[in-house]
Every structure is written in structure tokens, then in C-alpha cells.
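**Q** Please see the structure below; I have some questions.
2 protein chains.
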Amino acid sequence: MFDNEMTELLHIQYPIIQAPMAGGVTTSKLVAEVSNNGGLGMIGAGYMSPIQIREQIREIKELTSKYFGINLFVPREFDVKENEINSADRLLQPIREQLQVETNMEIPTFNKVTESFHQQINVIMEEKIPVCSFTFGIPSKEVIQMLKKQNIILMGTATTVDEAIEVEQSGMDIVVVQGSEAGGHRGTFLDVEQESLVGLMSLIPQVVDHVSIPVVSAGGIMDGRGLKASACLGAQGVQMGTAFLTCLESGATALHIEEILHATEDQTVLTRTFSGKWARGVNNKFISKMKQHETSLPDFPVQNSLTKGIRKASSLQKNRDYMSLWSGQSPRLAKRQTVKSLIQNIMGEVNKSN
Amino acid sequence: MFDNEMTELLHIQYPIIQAPMAGGVTTSKLVAEVSNNGGLGMIGAGYMSPIQIREQIREIKELTSKYFGINLFVPREFDVKENEINSADRLLQPIREQLQVETNMEIPTFNKVTESFHQQINVIMEEKIPVCSFTFGIPSKEVIQMLKKQNIILMGTATTVDEAIEVEQSGMDIVVVQGSEAGGHRGTFLDVEQESLVGLMSLIPQVVDHVSIPVVSAGGIMDGRGLKASACLGAQGVQMGTAFLTCLESGATALHIEEILHATEDQTVLTRTFSGKWARGVNNKFISKMKQHETSLPDFPVQNSLTKGIRKASSLQKNRDYMSLWSGQSPRLAKRQTVKSLIQNIMGEVNKSN
């Protein structure tokens, strides 16, 4: 059922990719365990410095000899509007005071973000990581050519048929198709004004009909049922985030994991509050408080910088109210278990019914 | 694969239910053809008078000896707020003038709606229709008992795990689980303030884990892939709307069908504009024009009455701008074909791979 182009390209036994969750979730142990157990571990490196990336790659190489991958955020032009920042700051200041956070005014610029992206790419090439995926867009032709010359397998992220077509046309090898069920940031990059939220039941077959590279299904998949359903819809594999986030090897905070384990499917919401990009997480005070101002908040990554101190302090103070509690729409299926048992359970379910 | 409790209860050969689309789509020919071809045809009777219902049931009985069903809207208390109606009217008046529609001021009351519902129930019992499904809530214990005494199979509609549990606890036989992908009205009835939009990939397995009655998967399912995927997730069958709406036997307007056949997966949107309840359809001028006022429009069915003339005139004038172009999220998979060929294609695909 799963000896396919995708598993062959990625040199993996099972069609399971661990989603590259940014923000410290993808510890070296998590990534390596996934790869050691037949899946593809991925580093969520979107916010990481080149030095951190190099260190983690080397650490993982000591823990596994299998393929693993890394994910980067593709920079896109963003506006830095003084008035938006000022009004966001006015809303955030009382929260900063409550949590005793210093005002963080380091506003990113597009040039700086782009420079950092190219440094990330350089490390990836130097370290010869086997797989690299991208979110929030498609890198330039030059970057894609450089990476392909090194035989790095490239994966793009799409939320619509048109985005999947662009990923294929850019020369990437695999397209990860993110349904509306997915937790964390939306990968939408075309027509970002109108956030596209298409469920996987609709999205996968429509994408499969329009591209010829392997399609990976992402969003709300937690067990063998989701993997089998994805295969029926035409996907060659799955990328799972929340299911790995609650694993024992994950770097997510205990509070974040607890929140997911106790959430229901209708308690995750989409919000721009944390970063300026739409993302799905368990509802909390911060999200509901900011809801009415949501669409006038600064763009990513400006808003992300503005809330950085708040998110950090809230997490350190074990205060769920202001943390980004990313989760997909299937929290009822989340379990606290080892990576090994998660993967074995999935494949056991799949094989049982074949 | 599909000899299961659901197909047995409904006396159908294939696990395919034609969604009971209201507003003239479910012609007697459509309903009968679905049942004659091994599925379950359903009358969308939400807006129909008792007399119309009786006539259509009798008409269908002449076209098929197989099981078929009917769907009713469960009345729920609604507010009739003068100020909301007045401001909605101010927004609608220029459109009425443009389309040369008379102002329709027949505002429904809860008592009248409830009375009409009970008349509909009476006809259903008198005509001994084999299957009855409900949307927007759960009827009273008395109604459920009366219908069950007549051996009518009852189906409820749920959009969350909690709603599915309520459907089961009410004594209904089957629960139709509506994912965020679904076209037309959302069936949400608990906590209607927060519209729950969970994708089927997440929703089906979480519901299946919490109820023991058969689960039917609804939303964006158009072909054998969706049926197989639904089965993998734990559903015993599917309910398909858009796929039947574009069939040759459907009563949908030619323009509505054309709009679906030319739409893409990211062009359907959720709107309260037409009826006061959230519903998914192809985006158009009316939806975008009213978007900024959307949350302050009157409740269903008040807003539905206010826009009735506009919708009707727009449709007669073949003007897509103000029509309700209901569609799920898979319009790229829609085809103009007979019911027979739709069902045969689905089952052909399913059997091929087994």
C-alpha cells in the first residue's frame, strides 16, 4: 500500500512525516526517534539561527543514520506600518505589564529576514541535510537549483490547488497539502488576503487531479484511520504535527501538551494574534481578547516580534492565557506516548485492515 | 465493505445518501432515481408546505418502490428585533430596487414556524415515509416517539462530537456528520454563537469514538475516493449534496449548476447573508457586499424572509450576483451527469480497488 514514490524519495519505511513544528517542539530526540522508527523526522527551523541549525543537525546525525529533514519559512515582503505597530503596542502593553515583560521593540525588516534565510540555506547545504521543506512560499529559482544540485529532496507546502501547482512548477519533488484541520500556521502564500481553509476531504483529491508529484496530506491526522483515508483520497503519505507534539520526546511545554490532551475538536480557533499570520490553536484569553482587533494587527513577522516577550513569559509562568497553544482539529485523538508507540500503532492499524 | 448497519437500516444497496437540499433541488425525479439506483433519495422539505410535501411523496412513490427519505428543519427560538430588521432592510432596499422586487415584509414568528413543523410531521406520518432526517436541532421527545412508533428511521445532523452524542441520546438511529467542507447551511445547533467548522478528517474519527449508532459522513464528498476515505475514518456511508445538485435530474437552476462547474475549491465561502444562518456557497456580489454587516443581520429565518424576493428575482433574471449558489468545497470534482452514472462511477471506483 505504501511502497510509493514518496517513501522511495525520502528513503523511509512508512509514509509518515513528522511536521516541522517551529518554536522548540522538534527536539533532536524527537526528530531522530521518528526517523529511527521508520518515518521522517523534521526540524522546524523557521525561527532558528544558522548556528542553532548547524548544532541541531549535527546532534541529530549522532542519534540517527536515517534520512531526516528541515523546514524553513520563505520570506515574503511585509509592511512595517508605524500606526499598526503603535496600536498593537497599545493593546499589548497592559498584558506586558501584567506579565512583567519588558517592551520588545526589535522590529524585523525584510532585508534582515531575507539575509537570515540565505544563511539558513547555506548551513543546510554545508551540512548536506537530505530533505528540505518550505512554508509560506516558494524560494527563488536560484535557491531551488542550488539545493537540487546537492541532491536535497525538496518539499513545498500548499493550501489550494493553485499553490500545489506552483510548488510542482518550481521543481520541488513533493507537495505537502495542508487542510483546514491543521494546527499551527497556515501555509497560504497566494492571495493571502483571503485565507483559504479547505478541508482535506475536498482538498486532497482536487490537488491530486492537478499535479503529478507525490502529495502528502496534512491536518488533523492522528492515527491509522487518517493515514488510510489520506491514501484513499490519493495522498502518498501524511504529515502529522499535533500527534507528535504530545509525544514524550517532544519539546513542547507540559502545559501545552496538557491543553491539547484536554481540548475538544471545536475548541481550536484560527487567530492572527500571536504572529500576524493565521494559525490554529486552542482558544484562550489572549485570542478572545484580541479578536476584535485581529485584522488590523501588523503582518508577520512584525506581530510575532511584538508578542514574543508575552508568549515567552506566559509559558515560563505556566500561564495558559497568553501562550500559543497550537493544535489541529483532532485533539481528542492525542495521546501521551513515545514516538515508537505512535508509529507502531498507526502501522499496526493500517496493516490489520489490509 | 458496505453491508453494514446503516445500509441495512435504510434498505439500500450502496452507502450513498443524496443530501436533502432545500429550495427546489430535490425533484421527485432526482429522489426516485437515487433510490432506484441503489442509494437513498431524500426530499429537502425544510421550506415546503404540508400540501407540497404530500404531493411530492405521492409523486415519488409512483416513481420508485424503494426506500426514500425526507428532511425537516427543527424550529428553534429566534429573536425578531425591529432594529435589526430595519437596518437589514436599509441594506437590502437598493438591491430590491435594482432587481425590481417588491418589499417582502412577511416576518415569520416562532409560533408559526413551530405550527408548520408539526403539520409537516403529521403529513410524514400519514404518508408513512420510511426515513426522516432533521437539521438545525433535535425534535421533542414526543415527536421522536411518534415517528419511531411508525417505524420511521430517524437521522440527525451533527457538526461536533457533542451534537452527535445528543443525536444518539435522543433515540435517533443514524447521525449525519457534517464537516466544514459541506455546502449549504451549517447544521450546528449547540452553541450556535460559535460556528463549529471541523473538517471531516478530524471530525469523523472523533465522532465515531463517541457514539455507537452508524455515522454518515457529509461534506465535499464527490466520488469513490471520498466514499472510501469516509469508510476508513469509520463512517458507514456518505451523504452527498453538490455531486447530486449538478446531476441532470436535479432541480437546481442551470446558472447555479454552471457556477459550480466553473468554481474552484477556494471560491466557496461561509455567509449569513442569505438566511441569517451560516451557509457555504460560491462567492458573489451579494455576499461580499453584505460581508461587513454580516454578523448584525437578523437571525434565521427572519433574514431568509427578508432576502426571499431578492433571491427569487435574481434567479429568474439569471443574475448570479444575488443568488444563493450553495456548493461544498469540491466544485472541481462536480460533473454534469445522470444520477445513474454518478452512482455507478462511485461504486465502480470502490469495487475496483477492493
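Residue numbers (the numbering used here), protein chains in the order written: chain A, 1 to 354; chain B, 1001 to 1354. Beta carbons: idealized from backbone N, C-alpha and C, even for Gly.
May I have a chain-ordered list of the alpha helix (DSSP H) segments no shorter than 4 residues that lie completely inside the segment 277–339 of chain A?
**A** 285–290 and 302–316
**Q** Of all the CB atoms in chain B, is at least one closer than 7 Å to the CB of LYS228/A?
**A** yes
**Q** What's the gap between the Cα of GLY1357/B and the Cα of THR1160/B?
**A** The structure shown does not extend to residue 1357/B, since chain B spans only 1001 to 1354, so no value can be given for it.
**Q** Are LEU1328/B and PHE1300/B closer than 7 Å when you measure CB to CB?
**A** The amino acid at residue 1328/B is misidentified as Leu; the sequence shows Gly. For GLY1328/B and PHE1300/B, no; Cβs fall outside 7 Å.
**Q** At a CB-CB cut-off below 9 Å, which residues of chain A make contact with ARG1096/B?
**A** By Cβ distance, chain A contributes nothing, its closest Cβ being about 28 Å from ARG1096/B, past 9 Å.
**Q** Please state whether the Cβ-Cβ distance between ALA32/A and LEU10/A is less than 7 Å.
**A** no
**Q** Let me know the secondary structure DSSP gives HIS1185/B once reduced to three states.
**A** strand
**Q** On a CA-only basis, which of LEU306/A, SER28/A and ILE124/A is nearest GLU106/A? Give me that one, please.
**A** LEU306/A
**Q** Specify, as a first and last residue, the run of the beta strand (DSSP E) that CYS247/A falls within.
**A** Per DSSP, CYS247/A belongs to no beta strand (DSSP E) and is neither H nor E.
**Q** Please report how far the alpha carbon of ASN4/A lies from the alpha carbon of ASN37/A, in whole angstroms.
**A** 18 Å
**Q** How about THR1114/B and THR1135/B: are their beta carbons less than 7 Å apart?
**A** no
**Q** Residues of chain A with CB closer than 9 Å to the CB of VAL1161/B, please, in chain order.
**A** THR264, GLU265, ASP266 and ARG332
**Q** Check the DSSP bridge columns for THR157/A and list the partner residues they point to.
**A** VAL176/A
**Q** For GLY251/A, which residues in chain B fall below 8 Å Cβ to Cβ?
**A** By Cβ distance, chain B contributes nothing, its closest Cβ being about 24 Å from GLY251/A, past 8 Å.
**Q** Is DSSP giving GLY44/A helix, strand or coil here?
**A** Looking at GLY44/A - three-state DSSP - the assignment turns out to be strand.
**Q** Any Cβ of chain B within less than 7 Å of the Cβ of PRO15/A?
**A** no
**Q** Report yes if the C-beta distance between SER1315/B and THR1253/B is below 7 Å; otherwise report no.
**A** yes
**Q** For a contact defined as C-beta to C-beta under 7 Å, what are the partners of GLN1329/B on chain A?
**A** VAL198, GLY199 and SER202
**Q** Can you find a CB in chain A that lies within less than 7 Å of the CB of SER1181/B?
**A** A small correction: the amino acid at residue 1181/B is Glu; Ser does not occupy that position in the sequence shown. Closer than 7 Å to some Cβ of chain A, the Cβ of GLU1181/B qualifies, so yes.
**Q** Quick check: PRO50/A and PHE117/A, are their CB atoms within less than 7 Å of each other?
**A** Taking 7 Å as the cut-off, the Cβ atoms of PRO50/A and PHE117/A do not count as close.
**Q** Taking C-beta pairs closer than 7 Å, name the residues in chain B that ARG225/A reaches, listed in chain order.
**A** PRO1205, CYS1232, LEU1233 and GLY1234
**Q** Pull up the CB-CB distance for VAL176/A and ALA218/A, whole angstroms please, since I reckon it's below 8 Å.
**A** 5 Å
**Q** Quick test of your reading: VAL1131/B and PHE1244/B, contact by CB under 8 Å. State the CB separation rounded to the nearest angstrom.
**A** Not quite, the Cβ-Cβ distance comes to about 16 Å (not below 8 Å), so this is no contact.
**Q** Quick one, which residues of the segment 283–308 of chain A are near chain B if we go by CB-CB under 8 Å, in chain order?
**A** The segment 283–308 of chain A vs chain B, Cβ under 8 Å: nothing.
**Q** Run down chain B in chain order and give the residues with a C-beta less than 9 Å from the C-beta of ILE221/A.
**A** Ordered by position in chain B, the residues that pass the 9 Å Cβ test against ILE221/A are MET1201 and SER1202.
**Q** For ILE1165/B, I'd like the list of residues in its chain whose CB is within less than 7 Å of its CB, leaving aside the five on either flank, ordered along the chain.
**A** HIS1210 and VAL1211
**Q** Does the structure place the segment 1330–1337 of chain B close enough to the segment 1260–1271 of chain B that three or more beta carbon pairs sit under 8 Å?
**A** yes
**Q** Which two residues bound the contiguous beta strand (DSSP E) that contains LEU270/A?
**A** Counting along the chain, the unbroken beta strand (DSSP E) around LEU270/A starts and ends at 268–271.
**Q** Considering only residues of the same chain and omitting the five flanking positions on each side of LYS1057/B, which have a CB-CB separation below 7 Å?
**A** The identity of residue 1057/B in the sequence shown is Ile, whereas the question assumes Lys. Contacts found: GLU1127 and ILE1129.
**Q** Does the segment 12–20 of chain A come close enough to the segment 339–354 of chain A that 3 or more CB-CB pairs lie under 8 Å?
**A** yes
**Q** Within the continuous beta strand (DSSP E) that includes GLN194/A, where are the two ends?
**A** From DSSP, GLN194/A is part of no beta strand (DSSP E); its letter is neither H nor E.
**Q** Take the Cβ of VAL1080/B as the centre, count every other Cβ of all protein chains shown within 10 Å, and call the residue buried at 16 or more, exposed below.
**A** exposed
**Q** Quick one: grab the DSSP three-state call for MET125/A.
**A** For MET125/A, the three-state secondary structure derived from DSSP is helix.
**Q** Flag this pair as yes or no: are the beta carbons of ASN1239/B and VAL1215/B separated by less than 7 Å?
**A** With the sequence shown as reference, residue 1239/B is identified as Gln, and Asn is not the correct amino acid for it. Taking 7 Å as the Cβ cut-off, GLN1239/B and VAL1215/B do not qualify as a contacting pair.
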